[in-house]
Amino acid sequence: MVTRYVGQPIRRTEDLRLVTGAGRYTDDIGGGDHALEAAFVRSPHAHARIADIDVTDALDVEGVVAIYTYEDLEGAAARPLPVLIPHPALHAARTAYPLANGVVHHVGEPIAMVVAENRYLAEDAVARIRVDYEILAPVVGIDAARAAQHAVHDDVPDNIAAHLVQQVGSVGPAMAAAPHVLEFDLTIERSCSMPLEGRGVHARWDVDDQSLRVYSSTQAATSVRAAIAAKLGLSLTKVEVIAPDVGGGFGVKIMHPWPEEIVVPMAAIRLGRPVKWTEDRREHFVSSAHERGQQHHVTVGFDDTGKILALDVTFWHDNGAYTPYGIICPIVTSTQLLGPYKPGAYRVEFCSVYTTTVIVTPYRGAGRPQGVFAMERTMDRIADALGMDRTTVRAVNMIQPDEFPFDQGLIFQDGRPLIYDSGNYPAQLAMIKDMIGWDGFEAQRAEAAEHGRLLGIGIGCYVEGTGPGPYEGAHVQVMTDGRVEVAIGLTSQGQGHQTVFAQIVADELGVPFDSVHITTGDTRRFGYAVGTFASRAAVMSGSAVALAARAVKAKALRVASDALECSADDLELISGVVSVKGNPTACIPLGQVAVLSNPLRYAFDEAAQAATQFARPADPNVPPVAEDDEPGLEGREYYSPPRSTFASGMHAAIVEIDPDTSEISIEKYCVVHDCGTLINPMIVRGQVHGGVAQGIGGALYETLAYDEHGQLLNASFMDFLMPYATEMPDRIEIGHQETPSPLNPLGIKGAGEAGVIPVSAVIASAVEDAVGFRIDAMPISPNILFGLRVEFAAGRVEPTAVGRARSDHADRKGMA
Amino acid sequence: MSIPKDNTGSPAVIVADGAEPTYDVTLTVNGVHRVARVPARRTLSDFLRHDLQLTGTHVGCEHGVCGACTVLLDGAPVRSCLTFAVSVDGHSVTTIEGIAGSTGGAGAAVLSPVQQAFRECHALQCGFCTPGFITTITAGLVELPNPTRADAVDMIAGNLCRCTGYQNIVDAVLRAAELTRERGER
Amino acid sequence: MKPAPFAWHGPESVGEAIAVLAEYGPEAKVLAGGQSLIPLLAMRLAAPAHLVDINRIVALDDVTVTAAGVTVGALARHTRVEKDPAAAIAQPLLPQALRLVAHPTIRNRGTTVGSLAHADPAGELTAVLALTGGTVTAASVRGERVISAADFFLGPLESALAADELAIRAFFPGLTAGSGSSFVEIARRHGDYALCGVGAIAELDDGGGLRALRCGYLSVSETPLVLDLTDAWSAGEQHAAELARAAVDPVTDIHASAGYRRQLAAVLTVRAARQAISTARAREVAA
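Protein chains in written order, with our numbering: chain F, 1 to 816; chain S, 1001 to 1186; chain D, 2001 to 2287.
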């Protein structure tokens, strides 16, 4: 019986280490090396010119070793940080200097670095550094950015970093001809990834070797390596970057290079001692990255069946003070807004605007939640206008199963056509309706209303382009003892990569699961990679390890066939043993095949000695290593996709509103999702749970509150409200659908962001259903809902048609 | 000399002459007598992680909200980031490293019921919050060996996790209670 | 986020502690549980030159229950007070309020008297002291004095303790016979500071009617507010609710508007009062 690992809920390899406290996160690295520690002077002002920096008093602090400002940066390090993903529409990209060069553009921007014997002393020194500022006008919020009374960057007077229009079909005429037109505004507030482990860097310069080793809590080790080499003038071959255990990323750690990733290694080189930096929570709030803040203006034209004939969306994206990551998020919003639907004509226009706030880079969902919010609120509005069921309107607009591949006619975030490869949206809709009890809900609501309880039901649908390229690679090597060492270039932050990729290798190669060891995010082991983001790891690295494992298997069978004097077709590789089909006694353990694959055969160990029994006399007329061959039993393969592959899903929720306190509780939450082939269903479920939790946080609790001076008012866990277990619904019910991707060898689609994408839309839909008036802004809290209900009761907020009908009905029944 | 306030609101820092005074802090950590010389402001979390090289306890916020730093002080869960090492001199601390039944060499550790349950229930992803949960639940199950699901939620209500969404952690509490009963019965 | 340096003192008796405070009072802070103080130190929002760490004064780790009520020593942790069976009988408001203070892990270290000295109008214990008419005893080299709740809370985070005084105990009068209590609050997340909280004490007369109803409020005024709602409640629950809505003086912050806090004060007044009355009736039946 051949064990198949893919598809099984295999327990994670990582866990033994992590549940015993033996994880090695960046701040754990280098225990005995007495690394110096860095702390930063960070701007307390949102916008200011630096007139003077006086470090005199700081130098008196015992244990301070060095203090750096912009003046101390040299060469490429003294130039602005890179724009990682340029785009023609990003006409006014601006980035920061690793240490501020004369002007600061947000609270938290680093100005000076203190390096001291420990963090306590470094912070003491930071407190003593006196900076004289000339305060400049802050620009906070999209409205202020658009009004452009003040400019964030002097040479960008309108505060617009990018402007992009994409369209398919002719929206103008289609809108004019539409029987019904609605126009409305939507707002989503800022939130952020907020992993439990912040950023961290540990840098060590080897004087003997003249080489640099950097540990960073990053999602993109290979890219950080390239950036450090470029900025510090080092050869790539003299820089290694390792992402050790990372305590969550959720997107914020894909951004690179952080200023600290440049200046901390710089200090290590100059001081000849290891230097580390572990950001504290406040630093993370004010100097990492945020996301989500957008304002949308939607115009939609539709017919009597609810079919969208024309959709015109204009939105403003708050990108914060700089644009190092380019405009990926608003591009994702623009394209993923379409969801599982096919509007007749679509036009989307966005301006990405500067504000004197923390930069905006992808956070799980990366612009999709905003797009989904816009589209799903639109669907609900159409349903309300026509008196139709909200799921019927969605069904009318859905791409049908026989329409794949479906070309939406736009360019996606990966620069490639937005073509949905596979999916079955009507089947998902049927499943989610069944799970949540959609059809029977009105009766449930009415019964609750008789007891004074306010219930509402909501739904949200999304499509997610996953696994964008350009590539990922994997190296698979069979060791002489039979162990299989696998290295992939991208990184891990809790997704169970050491487990899932071992499952694939075990299946593809034919070895026991426990014999496979996966290394991720270590440039010493694999040098070309893109990174972990956009729900791409399983698709990209999963495909790469499969291809590499297959290559190794093919070579193993060839080498073994030579030793066993048969054809490779007669051989099979099962549980780490190559044997002749039907004759199991004619076999070679894979480790010995590895020995045989290397013509240089010093008998170092038992495995090498044992392998000599299979050695055949070499042909003296032929080179020991053939022209197209290599020594060793290893394979290195890359997977480069033609384009992204499209996962999809639908969520539904039932909420209850406390009529007295306006508290919102989630009574039931259901998820249906399709991520193609599941490598490990237990891990996928975990990803969905976690994503939904972040989605609920974003829908009901999390916002980043800037005041008009650009001060972040809630820069701590006391006031930035991430949900505890008590804020979650009892259970999140998950239904799976699998439409395998035709684009990669295993049929995988990404699952990392599935849980978070539609949650704000779903909760808004459900709350609106409960209260009978429009919910156009998220997040919503009891406080905000109370305010809206007061306005509604005073007649200053319009009811939905459904809400009006219900209250008319209640009036008639004398229940109002 | 006077030091002007900067706009972050930090009051004047004391100008110390010479190095900061240090104290020999003695703790019994995971059953082992440990001593280290530290300033008074050294938090227990930093003392464990940096002075004793026990890096299993993690620091997520340094203001007492996330719970990643939770250790057992004389058997009761406390936030080690909100405790100065010098304040608890002479007391006994259990960290994540002391939770397993025994450490018989690499891979031979006998996992405690809580650790085993975490593995079975996929109650961790990145693992950063996990030590704080495990110590909290270990103490919680001593106090309440047969929790209901609602009890289990309450037991973990003070610890943040950003990865799992908590559902599997709640499952792990109940599974750990079950495993404890099984092990006790054998 | 590391605290600024401070001179640390570890007195082992009250006498030693107040001697240190006598010398350094204005530049010193007292450290008991540290659950409120240490975050302030870590964020460098406070940087006292001296820290008087009373964690060694074991004599202060005491809970004493008499017929008059519950006396809590300065080092008694919230958990100890919360779980004290005799205290729970004498003054049920204590466990009712304490179980809402943050999370058990915080309560294992934080002290009840420390909470009072911190004088946070969002603190549950400040409301309980005010509602029960309790006292705080302060010690200094000048002697001891007993400060009533009404005189103890001067403003947000400002108590009547002088710079050289150490709060050594608090006294919570017990619940009288024929009375019941309750404590309810609404927070964004379980364990967060409440957006609004209400404690209630209801006293029944011999006939089972309501003799007195008093409610104490948190998070809706600068100092703990206590309202006598006896007459209002007799006129109807909503009268009491509206009286509370008008009497509280909340601020608007990023978590809640003043209007929303007023709404919660009204709603929670009714909920707390109902529960207190029903508890009083149950105690009566049991007695």
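No residue lacks a Cβ here, since even glycine has one placed at the ideal position from N, Cα and C.
Chain F residues whose Cβ lies nearer than 7 Å to that of residue i
| i | result |
| --- | --- |
| L1111 of chain S | V19 |
| S2257 of chain D | N783, G787 |
| V2267 of chain D | D660, T661 |
| L2264 of chain D | T661 |
| F1047 of chain S | Correct list: empty, because the minimum Cβ distance to chain F is about 12 Å. |
Any chain D beta carbon closer than 8 Å to residue i
| i | result |
| --- | --- |
| A816 of chain F | Its pLDDT being 43, under 50, A816 of chain F is placed unreliably in this model, and the value from its coordinates should be taken loosely. False, the Cβ-Cβ gap to chain D never drops below 8 Å. |
| N598 of chain F | no |
| H1190 of chain S | For residue 1190 of chain S there is no data in the structure shown, the boundaries of chain S being 1001 and 1186. |
| E572 of chain F | no |
| E442 of chain F | no |
| A1068 of chain S | no |
| A1157 of chain S | yes |
Beta-carbon neighbours of residue i, restricted to chain S and to distances below 7 Å
| i | result |
| --- | --- |
| I2186 of chain D | Correct list: empty, because the minimum Cβ distance to chain S is about 16 Å. |
| G686 of chain F | H1122, Q1125, T1164, N1168 |
| T2279 of chain D | The contacting residues do not exist; T2279 of chain D stays about 22 Å from chain S at best. |
| G2073 of chain D | Here the premise fails: no neighbours, minimum Cβ distance about 17 Å. |
Beta-carbon neighbours of residue i, restricted to chain D and to distances below 9 Å
| i | result |
| --- | --- |
| D124 of chain F | K2002, A2004, P2005 |
| T726 of chain F | R2189, H2190, G2191 |
Residue i versus residue j - alpha carbon distance
| i | j | result |
| --- | --- | --- |
| G272 of chain F | R1042 of chain S | 27 Å |
| Q2275 of chain D | Y133 of chain F | 57 Å |
| P2003 of chain D | E123 of chain F | 9 Å |
| R2077 of chain D | H2118 of chain D | 15 Å |
| T739 of chain F | G691 of chain F | 21 Å |
| A2022 of chain D | L2157 of chain D | 22 Å |
| N424 of chain F | L338 of chain F | 16 Å |
| G1104 of chain S | P2085 of chain D | Caution applies to G1104 of chain S, whose pLDDT of 46 falls short of 50 and renders its modelled position unreliable; the value that the coordinates give is listed next. Using only the alpha carbons, I get a separation of about 43 Å. |
| T2165 of chain D | G2143 of chain D | At residue 2165 of chain D the sequence reads Glu, which differs from the Thr that was named. Answer to the nearest angstrom: the Cα atoms are 9 Å apart. |
is_contact[residue i, chain A] using C-beta, thresh 8 Å
| i | result |
| --- | --- |
| R292 of chain F | The structure shown contains no chain A; its protein chains are F, S and D. |
Closer than 8 Å to chain F by CB, residue i
| i | result |
| --- | --- |
| T1022 of chain S | no |
| N1146 of chain S | no |
| G1127 of chain S | yes |
| L2051 of chain D | no |
| I1137 of chain S | no |
| V1065 of chain S | yes |
| A1019 of chain S | yes |
Min CB distance residue i to chain S below 8 Å
| i | result |
| --- | --- |
| A2042 of chain D | yes |
| Y462 of chain F | no |
| L2031 of chain D | yes |
Contact set between residue i and chain F, taken where Cβ atoms lie within less than 8 Å
| i | result |
| --- | --- |
| R2109 of chain D | Going along chain F, no residue has its Cβ under 8 Å from R2109 of chain D, so there is no contact; the nearest lies around 17 Å. |
Neighbour list for residue i in chain S, Cβ cutoff strictly below 9 Å
| i | result |
| --- | --- |
| P2011 of chain D | Going along chain S, no residue has its Cβ under 9 Å from P2011 of chain D, so there is no contact; the nearest lies around 12 Å. |
Beta-carbon proximity of residue i to residue j, cut-off 8 Å
| i | j | result |
| --- | --- | --- |
| P742 of chain F | S422 of chain F | yes |
| D562 of chain F | T480 of chain F | no |
| G320 of chain F | H106 of chain F | yes |
| D674 of chain F | S644 of chain F | no |
| P291 of chain F | S191 of chain F | Reading off the sequence shown, one finds Glu at residue 291 of chain F, where the question assumed Pro. Closer than 8 Å, so yes. |
Proximal chain D residues relative to residue i, where beta-carbon distance stays under 8 Å
| i | result |
| --- | --- |
| V1078 of chain S | T2105, N2108, R2109 |
Residue from the options with nearest C-alpha to residue i
| i | options | result |
| --- | --- | --- |
| W2233 of chain D | D:G2073, D:A2266, D:I2038 | D:A2266 |
| D730 of chain F | F:A693, F:G710, F:D206, F:L746 | F:A693 |
| G710 of chain F | F:A137, F:H497, F:M540, F:V476 | F:A137 |
| D776 of chain F | F:I188, F:W205, F:D158 | F:I188 |
| L234 of chain F | F:I254, F:A221, F:L212, F:T222 | F:L212 |
| S352 of chain F | F:V165, F:G527, F:W205 | F:V165 |
| R1037 of chain S | S:L1111, S:A1085, S:R1183, S:A1157 | S:A1085 |
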